[in-house]
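Numbering (my numbering), first residue to last: 30 to 304. C-beta atoms are modelled at their ideal positions from N, C-alpha and C, and glycine is treated no differently. The structure displayed is predicted, hence computed values, not measured ones. Worksheet: one structure, shown below.
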């Protein structure tokens, strides 16, 4: 018994040293998609083994789905015992809302185009503007900003536009102005994720809007992301700003429709090696 106490203490010490690595591993699994909900395994015959049926729904949306389904079932039972008629409206409404929530929080697989120098869109939506901006410290001064507006019908999972190390993360509370307004980028609630690449810094900014009131960001400083990894989600909205080095050519224009993790939006220009 006397030897068991030091052994337990040593185990706790090892756990403390490796706790950060475990946390980073869990975040990486979430970005790759293994953090998504899975249905029960479907057994395949022969050498195929077992297959897991993946439900393409972001896990952040499941509480909303569960609430709507419970309300739909509860009001349906209430309608059955109390007589049909006006009471049937409630379960129908909650059922429709549950279907909308499932659609809103969908999380489809995406395949990035070939070429590590291809910068992909960080979000689904429509390009609002492309142009130079100044004042972003992580970008070292001037940058090119690509602004993407997400409607309620778009996929709301954000993805890494490039591969690299996460050197910056910040969150700021703010207002909830309409996402299409210019001042929303600096005044609204927002989270910023800075990625260092072989061609320079890239910044992704998730911005809340009139309806969107909850921003989720998975990576933190010290993590590494691959191009197309899931990096976060904005509930019920609204806008994503992508900041690029000014010498990277942009391949989209205002009005273009883009898909997160798939649509090329720019091309990386590698930094010159010092002689």
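Could you tell me the alpha carbon to alpha carbon distance between residue 259 and residue 188, rounded to whole angstroms?
4 Å
Could you check if residue 182 is buried or exposed, using at least 16 other CB atoms within 10 Å of its CB as the buried criterion?
exposed
Ignore the nearest five residues each way along the sequence and tell me which others in residue 178's own chain have a CB closer than 7 Å to its CB.
154, 155, 157, 208, 209, 268
Could you say which of 264, 186, 104 lies nearest to residue 218 if we only look at CA atoms?
Looking only at 264, 186, 104, the smallest Cα-Cα distance to residue 218 is reached by 264.
Quick one: is residue 277 buried, meaning 16 or more other Cβ sit within 10 Å of its Cβ, or exposed?
buried
Mind pulling the alpha helix (DSSP H) runs of 4 or more residues that sit fully within the segment 96-155?
Counting whole runs of 4 or more residues, the segment 96-155 contains the alpha helix (DSSP H) stretches 118-133.
For residue 290 versus residue 135, is the C-beta spacing smaller than 7 Å?
no
Buried or exposed, going by whether 16 or more other CB atoms sit within 10 Å of the CB of residue 295?
buried
Span of the alpha helix (DSSP H) holding residue 221?
Here residue 221 belongs to no alpha helix (DSSP H); instead the beta strand (DSSP E) covers 219-226.
Within this structure, are the beta carbons of residue 220 and residue 244 separated by less than 7 Å?
With contacts defined as CB atoms closer than 7 Å, residue 220 and residue 244 qualify as a contacting pair.
Go ahead and pull the three-state DSSP assignment for residue 272.
Strand.
Can you tell me the Cα-Cα spacing of residue 280 and residue 145, whole angstroms?
15 Å
Could you check where the alpha helix (DSSP H) with residue 215 kicks off and where it finishes?
213-216
Limits of the beta strand (DSSP E) - the one that residue 232 falls within
It spans 229-236 - the beta strand (DSSP E) in which residue 232 sits, taken as one unbroken run.
Please classify residue 94: does DSSP put it in a helix, a strand, or coil?
The answer is helix: DSSP assigns residue 94 an H, G or I state.
Own chain, CB closer than 8 Å to residue 51, minus 5 neighbours either side, in chain order
Summary for residue 51: the model assigns pLDDT 37, below 50, so the residue's position carries little reliability, and this model does not support an answer.
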